[in-house]
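Have a look at the structure below before the remarks.
4 protein chains.
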Amino acid sequence: MKQAEIRSDIAWATPEKVVIHGLDLCEDIVGKIDFGQMAFLQLFARLPDERELRMFNAMMVILVEHGITPSSLATRMTYAGAPEAVQAAVAAGLLGLGSVFVGSLDNAARLLQESMPDPHNADIDALARTIVEDYRARREILPGLGHPFHKPVDPRAPALFKVAQETGYDGPYIRLMTAIGRQAERKLDRALPVNVTGAMAAVASEMGIQWRICRGLAVAARAVGLVGHILEEMRQPLATALYLRTEHEASAHLVPHEERDGR
Amino acid sequence: MKQAEIRSDIAWATPEKVVIHGLDLCEDIVGKIDFGQMAFLQLFARLPDERELRMFNAMMVILVEHGITPSSLATRMTYAGAPEAVQAAVAAGLLGLGSVFVGSLDNAARLLQESMPDPHNADIDALARTIVEDYRARREILPGLGHPFHKPVDPRAPALFKVAQETGYDGPYIRLMTAIGRQAERKLDRALPVNVTGAMAAVASEMGIQWRICRGLAVAARAVGLVGHILEEMRQPLATALYLRTEHEASAHLVPHEERDGR
Amino acid sequence: MKQAEIRSDIAWATPEKVVIHGLDLCEDIVGKIDFGQMAFLQLFARLPDERELRMFNAMMVILVEHGITPSSLATRMTYAGAPEAVQAAVAAGLLGLGSVFVGSLDNAARLLQESMPDPHNADIDALARTIVEDYRARREILPGLGHPFHKPVDPRAPALFKVAQETGYDGPYIRLMTAIGRQAERKLDRALPVNVTGAMAAVASEMGIQWRICRGLAVAARAVGLVGHILEEMRQPLATALYLRTEHEASAHLVPHEERDGR
Amino acid sequence: MKQAEIRSDIAWATPEKVVIHGLDLCEDIVGKIDFGQMAFLQLFARLPDERELRMFNAMMVILVEHGITPSSLATRMTYAGAPEAVQAAVAAGLLGLGSVFVGSLDNAARLLQESMPDPHNADIDALARTIVEDYRARREILPGLGHPFHKPVDPRAPALFKVAQETGYDGPYIRLMTAIGRQAERKLDRALPVNVTGAMAAVASEMGIQWRICRGLAVAARAVGLVGHILEEMRQPLATALYLRTEHEASAHLVPHEERDGR
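Protein chains in written order, with our numbering: chain A, 2 to 264; chain B, 2 to 264; chain C, 2 to 264; chain D, 2 to 264.
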């Protein structure tokens with residue numbers, strides 16, 4: 002069998018040094034660049050300038066922590082069973098970052114990136130009208146708009162767009178995302194402003210981040226947040242109480258009357 | 002059944018705002034603090050000062066990327082099967098961050114923290130001697146010393162200790178870790194300098210990070226690194242070639258001669 | 002906030018007994034029913050008759066073991082890093098059972114179930130023609146047909162269909178799947194017989210298993226197989242050798258000539 | 002670099018056939034052996050005889066389903082976020098099968114296997130006394146005894162031991178486990194009968210299953226059970242209601258009075 006090439010350009014090491022994307026870990030990275038710069042380096046294979054870094058940091062911090070969510074509960078339930086395997090507890094919390102919670106991020110970024118191959122020569126308003134009409138015709142939900150709890154406006158979207166404006170990232174993708182929201186409100190006659198994943202998708206597109214990897218940013222940010230939940234679960238656990246209570250309630254209707262004493 | 006209290010102090014939200022560790026996400030966090038500060042906030046429930054942040058960033062960046070490892074290969078193998086579930090690929094790579102690769106971090110931090118309950122009144126050298134003798138007597142391996150590839154010296158340990166010196170974190174835990182290395186070299190008569198996990202453990206102890214959560218820091222940092230591997234796997238895949246080649250080699254001895262043609 | 006109902010019908014327990022889908026675990030299950038019957042019970046909430054059980058077992062055993070695959074390599078890589086967390090090694094191997102390897106199972110089952118709402122009054126051949134033409138028009142790949150390695154015929158499909166015939170499960174879904182393969186071969190002018198996932202999808206449809214849960218069967222079966230890989234990795238490891246070799250090869254082009262000695 | 006051997010003895014394939022542990026998948030496995038036999042084949046590299054199979058099945062079915070547990074809740078929470086990735090939901094539920102819930106299985110099996118290298122020439126009662134005294138002296142908890150809910154007796158232990166008796170597996174390991182329970186009750190003056198993991202550990206030891214892989218059996222069995230929970234969550238979801246309720250309760254104390262209206 003002919004051997005296909007196996008090659009990675011990210012890092013190499015000798016006993017004396019480690020080199021990551023061309024930077025010497027011990028000379029150029031540790032003590033010199035921060036966690037946000039390092040995350041940028043992993044994605045872009047180069048260090049950011051100041052405005053790139055500020056925009057990137059804004060995207061990363063917005064996704065770290067969402068309080069008690071299905072994701073943080075999965076982490077806490079796993080920690081309750083395997084406190085010796087903190088990595089498994091973090092992993093369990095990441096696994097639910099799928100179509101329901103962060104899928105709209107990928108979908109919105111894909112919509113923006115695929116519908117505007119040449120962002121500098123696009124008729125944004127016409128494009129937005131077509132997109133909204135197409136989604137309506139197919140009866141599909143437009144990604145990145147509206148929020149079940151944060152309404153009428155998801156406050157995280159304007160917060161992110163404000164940073165985009167201050168750093169010069171308020172370009173065609175953000176305009177398109179906003180125009181889609183406006184068109185959708187008009188057509189569907191209800192408030193549908195851009196939400197946090199729509200805003201993230203637009204900003205990521207402005208930064209040149211491909212839609213396929215957008216979910217990865219959300220996952221890395223949330224990994225940081227889940228460590229905070231594990232730390233709290235160590236000090237002030239809730240998982241065991243919650244599962245016992247849930248078990249009791251969920252199966253109560255199954256237990257025959259004469260058997261209920263021992264429970 | 003009496004209901005046990007279920008309570009989390011990390012975050013709360015109303016439709017108009019999200020508050021995390023007392024900071025308003027949209028007012029105080031997005032555009033104001035960076036990814037390293039946010040990670041610190043999750044761990045300490047407060048923002049760091051400048052020297053805390055520099056030390057913390059140094060710890061986080063050192064763990065992000067290690068090139069092709071069992072961890073990044075697990076991520077790439079998972080991505081090859083489920084490219085639509087980036088969260089699963091990251092999670093798979095985190096799951097092997099256990100006793101073999103990052104366990105020495107927890108173990109070294111635990112050793113340092115439990116053997117020195119009052120770090121300001123400790124006879125470091127005597128303590129190091131006792132610890133090394135105890136481990137020798139129990140024929141256990143001292144955590145945080147030596148490295149199979151980075152020898153004689155793991156260059157990441159002095160790099161981290163240099164930042165500790167510059168930021169004023171060169172305290173008793175770092176002195177104890179170093180003294181353990183010196184004692185071990187003397188007793189075992191071979192080079193056993195502090196390695197990257199030993200250095201991390203000492204610095205984390207200086208920062209007041211409990212040993213139980215140290216692995217969590219490594220996991221969060223690595224999540225960032227694994228996103229870089231997924232991005233490369235998207236553009237320049239190696240997983241499929243590697244598995245096909247491995248399958249062929251691993252089962253070659255099982256295939257009867259007359260059946261080898263089709264493979 | 003009004004409390005939504007939280008309810009599960011699967012099991013209940015008192016200190017003296019555990020009842021699962023109405024059967025007493027200690028009286029009716031342990032020593033009385035086997036692992037295949039138990040898996041059936043979990044899915045159908047009742048025990049199978051003999052022919053149901055034989056068909057179900059045939060589906061489950063066919064998916065247990067596939068040799069060295071991306072899935073078993075992810076498990077072995079994870080075990081190499083976290084041998085104390087066998088659950089994490091199994092989980093890592095399951096995570097890649099996504100769109101590439103088992104997705105065609107769900108997709109084929111969905112295609113069969115959605116295109117034939119009334120299986121007893123369907124014109125199978127006409128339906129197959131329409132389906133193949135629709136997929137060709139949309140330039141989509143028909144799920145459940147052809148195999149890159151097992152060609153011209155995936156031997157597992159006729160093996161499964163043979164059991165279906167012997168147990169009386171050779172109904173309209175199997176006929177439709179087979180007809181789709183025949184039509185596709187005619188239209189695309191190349192051998193495209195039903196493969197193992199296509200056969201599984203057809204049999205699962207015959208048994209009344211909804212397409213959404215089909216992947217779950219594959220996942221449960223593979224969990225059993227991955228335990229076998231962990232056992233072999235314990236006795237005869239390959240993960241560390243494979244990762245070291247891969248690291249060396251993948252980064253060789255990055256290492257400057259003068260640094261190559263130490264590697 | 003010299004290439005270390007990479008070799009697996011489990012399976013091989015040609016385009017025309019797949020061979021697993023020496024058996025032809027299509028000729029000897031599908032339609033011929035059942036799911037329990039297949040699981041046994043993966044572990045022992047041979048098929049079981051009738052009494053081996055009955056004992057093995059009893060062990061596997063006992064672990065499949067435990068109702069609402071931290072494990073099934075982690076699965077359901079993950080499914081709520083990523084319904085398209087059923088493999089991730091199963092994996093999330095497996096990840097918590099660690100030291101708290103199934104660790105006592107490995108620990109009890111290890112204790113039994115390491116303390117009785119020659120089971121045919123052991124003074125069981127003397128051994129049990131020594132073991133209990135050693136654990137008491139070290140203030141460690143004896144694995145495999147007692148249960149917080151199933152008391153005074155975990156009914157699953159006698160159920161498993163009954164099958165062991167009927168199949169001729171009631172040997173020295175079961176006697177030792179039982180003797181440890183009796184000794185512990187005497188010394189600690191409270192009811193501490195063998196529980197389900199202690200019984201499993203003893204039976205697995207009788208079957209020649211090494212303690213290191215015992216957790217793997219539990220994990221594989223539970224994977225089957227978790228598919229049942231996903232199926233129920235599809236039809237009758239509880240995850241979203243549970244998380245919303247928990248979020249509300251857990252953060253209520255943080256929300257200022259004047260902000261409580263919108264929640």
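Ideal placement from N, C-alpha and C gives every residue a C-beta, glycine not left out.
Quick caveat, the model's predicted, so the values are computed rather than measured.
For Phe162(C), no chain D residue has a Cβ inside 9 Å of its Cβ, as the nearest lies near 10 Å away. Cβ-Cβ distances below 7 Å link Glu66(B) to Gly226 and Gly229 in the same chain, with the five nearest sequence neighbours on each side left out; the list follows chain order. Scanning the stretch 51-123 of chain A from its first residue to its last, the whole alpha helix (DSSP H) runs of 4-plus residues come out as 51-63, 71-82, 87-95 and 104-116. Taking a Cβ-Cβ threshold of 8 Å, none of the residues of chain A is close to Ser116(C); the smallest such distance is about 19 Å. In this model, Gln166(C) and Ala14(D) are separated by some 26 Å (Cα to Cα).
For Ile7(D), the C-beta contacts it makes with chain C under 7 Å involve Leu239, Ala242 and Leu243, in order along the chain. A straight-line Cα-Cα distance of about 23 Å links Leu95(B) and Asp155(B). Within chain B, not a single residue places a beta-carbon under 7 Å from that of Glu53(C); the smallest gap is close to 30 Å. Leu48(D) sits in coil when the DSSP states are folded into three classes, being neither helix nor strand. Around the beta carbon of Ala81(D), a 10 Å sphere encloses 16 or more other beta carbons of the protein chains shown; the residue is thus reported as buried.
A direct Cα-to-Cα measurement between Arg187(B) and Ala123(B) gives close to 21 Å.
Residue pairing by DSSP places Asp25(D) opposite Val20(D) in a beta bridge.
The Cβ neighbour count for Phe150(C), taken over all protein chains shown within 10 Å, is under 16; the residue is labelled exposed. In this structure, the straight-line span from the alpha carbon of Ala180(C) to that of Glu115(D) is close to 59 Å. DSSP places Ala138(A) outside any beta strand (DSSP E); the residue lies instead in the alpha helix (DSSP H), whose first and last residues are Ile125 to Ala138.
Around the CB of Asp35(B), 16 or more other CB atoms lie within 10 Å, so the residue is classed as buried.
In this chain, the alpha helix (DSSP H) harbouring Thr247(D) covers Ala240 to Ser252. Restricting attention to Ala160(D), Leu177(D), Ala46(D) and Tyr170(D), the CA atom closest to the CA of Ile132(D) is found in Leu177(D). Rounded to whole angstroms, Leu42(D) and Ala83(B) show a C-alpha spacing of 28 Å. The beta carbon of Leu24(B) does not come within 8 Å of any beta carbon belonging to chain A, so the residue lies off that interface. Excluding the 5 residues flanking it on each side, Leu106(C) has same chain C-beta neighbours closer than 7 Å at Thr198, Met201, Ala202, Cys215, Arg216 and Ala219, in chain order.
Residue-level contact check: Val228(B) touches chain A, since one or more beta carbons of chain A fall below 8 Å from its beta carbon. With a cut-off of 8 Å on Cβ pairs, the stretch 251-258 of chain A is not in contact with the stretch 138-145 of chain A, counting fewer than three such pairs.
Within 8 Å of the CB of Phe57(D), no CB atom of chain A is found; the nearest one sits about 25 Å away. Within chain B, not a single residue places a beta-carbon under 9 Å from that of Gly37(C); the smallest gap is close to 26 Å.
For Gly263(B), the neighbours in chain D by C-beta distance under 9 Å run, in chain order, Thr15, Pro16 and Glu17. Against chain D, a Cβ distance below 7 Å from Pro156(C) picks out Glu17, Lys18 and Cys27. Here His258(B) is exposed: its Cβ has fewer than 16 other Cβ atoms, across all protein chains shown, within 10 Å.
Residue burial is scored here from C-beta neighbours: Pro173(C) has at least 16 other C-beta atoms within 10 angstroms and is therefore classed as buried.
In the pairwise beta carbon analysis, the stretch 86-104 of chain C is classified as touching the stretch 53-72 of chain C: at least three pairs are separated by under 8 Å.
The beta carbon of Arg157(B) lies closer than 7 Å to those of Ile63, Val197 and Ala200 in the same chain, with the five residues before and after it left out. Contact between Gly37(B) and Arg55(A) is absent: CB atoms are separated by about 13 Å, not below the 8 Å threshold. The beta-carbon of Ala46(A) is placed no less than 8 Å from the nearest beta-carbon of chain C. When the Cα atoms are used, Arg111(D) and Leu232(B) turn out to be separated by approximately 43 Å. Residue-level contact check: Ser252(B) touches chain D, since one or more beta carbons of chain D fall below 8 Å from its beta carbon. A distance below 7 Å between beta-carbons, with the five flanking residues on each side excluded, links Ala185(D) to the following residues of its chain, in chain order: Val133, Leu143, Leu146 and Leu193.
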